[in-house]
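Worksheet: one structure, shown below.
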Amino acid sequence: MYATVPIIADDRCKEFYGKNEIFETMVCAGYRQGGTDSCQGDSGGPLVCNGELTGIVSWGVGCARPSYPGVYTQVSYYTKWIESLGCFDYVAPEAEEVASNNNSFFTFPFFWP
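Structure below.
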């Protein structure tokens, strides 16, 4: 399953949660009126924007409550750290196989909620 939610500006999100709860390592997404959101059990799932992993489901107040958007780990904040781990030095054998068949897409052996 998936849901479409708008990204919320940091200043706006701080209005909802308080300036001491939202940090530069976070990104918020959701509707002011609630109704659509990530929920318990979604933690670790992706927030994707234009095909790019933008956030990782982290926390919120309840599920889809008005004035409490979902809070996600902002992946771009950690890009240099992720690269320093050498995570991009490894390509899954399944991805190499697809690439060697000259296909224009990659498949990876994991589940996205």
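With the first letter of the sequence shown counted as 1, position 51 gets the number 51 in UniProt numbering; the numbers rise by one all the way through. Where a beta carbon is used, it is the ideal one built from N, C-alpha and C, also for glycine.
Cβ separation of residue i and residue j, assumed to be a contact under 8 Å, to the nearest whole Å
i	j	result
residue 124	Y68	With the chain running from 1 to 113 in the structure shown, residue 124 is simply not present.
Helix, strand or coil at residue i according to DSSP, with G and I counted as helix
i	result
E96	For E96, the predicted structure reports a pLDDT of 48, less than 50, and the residue's modelled location is therefore unreliable. The matter cannot be settled from this model.
I22	coil
P6	coil
N101	Since pLDDT at N101 reaches only 43, below the 50 mark, its modelled position is unreliable, and the value read off the structure follows with that caveat. Reduced to three states, the DSSP call for N101 is coil.
Element boundaries [alpha helix (DSSP H), containing residue i]
i	result
C13	D10 to Y17
Q84	Sequence check: residue 84 is Ser here, not Gln. Element bounds for S84: T79 to S84.
CA nearest to the CA of residue i, picked from the options
i	options	result
G60	M1, K14 and Y2	K14
G44	D11, G70, G51 and W81	G70
residue 117	V75, M1, T79 and V5	What the structure shows of the chain is the stretch from 1 to 113, and residue 117 is not part of that stretch, so it cannot be assessed.
T79	A3, I56, P66 and G62	I56
G62	D37, K19, S76 and I7	D37
C39	L85, I82 and Y2	Y2
Range covered by the beta strand (DSSP E) that runs through residue i
i	result
C49	P46 to C49
V71	G70 to Q74
T54	E52 to W59
Residue(s) in a DSSP beta bridge with residue i
i	result
C28	I8 and V71
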